[in-house]
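If you read the sequence shown in my numbering, its first letter stands for residue 203, the second for the next number, and so on.
We treat Cβ as the ideally placed atom computed from N, Cα and C, and that holds for glycine.
What you are looking at is a predicted structure, and each value in this text was computed from that prediction instead of being measured.
Down below is the structure, laid out as structure tokens.
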Amino acid sequence: MPSTVRNSLLWIFDVFEREPTYLCKRMFGCDAAYVDGLLCLVAADRDKPWNGLLVCTSQDRHAALVETLPALRQHPVLGKWLYVPQADPAFEETAEQLTALVMARDPRIGVEPKPRKRRSAKSVLPKA
203 MPSTVRNSLL WIFDVFEREP TYLCKRMFGC DAAYVDGLLC LVAADRDKPW
253 NGLLVCTSQD RHAALVETLP ALRQHPVLGK WLYVPQADPA FEETAEQLTA
303 LVMARDPRIG VEPKPRKRRS AKSVLPKA
């Protein structure tokens, strides 16, 4: 049964509402923001370490983003992305700065989503 509890961090994505290319999708029980077809931010409102804002980026861009936004750190499980935990004192300010960077189309933020693999008919049909 799907959860009907609203992610308390969705306010972060409010700034994207007037952006025509914005799309919000569920991902691993979290909410993901796509802009211009790129996966940009993931709002995670779950238990540690999935409680905060994940920044979808490549590892070669980590240092430049951390220099700009010192509250960012490498996510402890998903090390390819950066993260600011909700408990960080700079969380709200960092979230606002990140959404501004996304809206400005900062090339350091955003990754191409991997295409979904289509299941073959064999894997969908029940075994006789």
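Per DSSP, what kind of secondary structure is Gln-276 in: helix, strand or coil? Strand at Gln-276.
Leaving out five residues before and five after Leu-225 in sequence, what residues of the same chain have Cβ atoms less than 7 Å from its Cβ? Result list for Leu-225: Tyr-236, in chain order.
Go ahead and label Ala-265 buried or exposed: buried means 16 or more other beta carbons lie within 10 angstroms of its beta carbon, across all protein chains shown. Exposed.
I need the straight-line Cα distance from Asp-153 to Ala-302, nearest angstrom please. Residue numbering for the chain in the displayed model covers 203 to 330; residue 153 lies beyond these limits and cannot be assessed.
8 Å contact criterion, which Leu-211 and Asp-247 should meet: CB distance rounded: Confirmed, Cβ separation roughly 5 Å.
Given Pro-315 as reference, the closest of Gly-254, Pro-222 and Leu-241 once Cα atoms are compared: For the options Gly-254, Pro-222 and Leu-241, the alpha carbon positioned closest to that of Pro-315 is the one of Leu-241.
One question on the structure: do Leu-243 and Tyr-285 come within less than 8 Å of each other, judged by their Cβ atoms? Not a contact, by the Cβ cut-off of 8 Å.
What does Cys-226 pair with, by DSSP beta-bridge criteria? For Cys-226, which the question treats as bridged, DSSP gives the partners Ala-235.
Backbone CA spacing between Trp-213 and Trp-252 [nearest angstrom]: Going by the C-alpha atoms only, they are around 17 Å apart.
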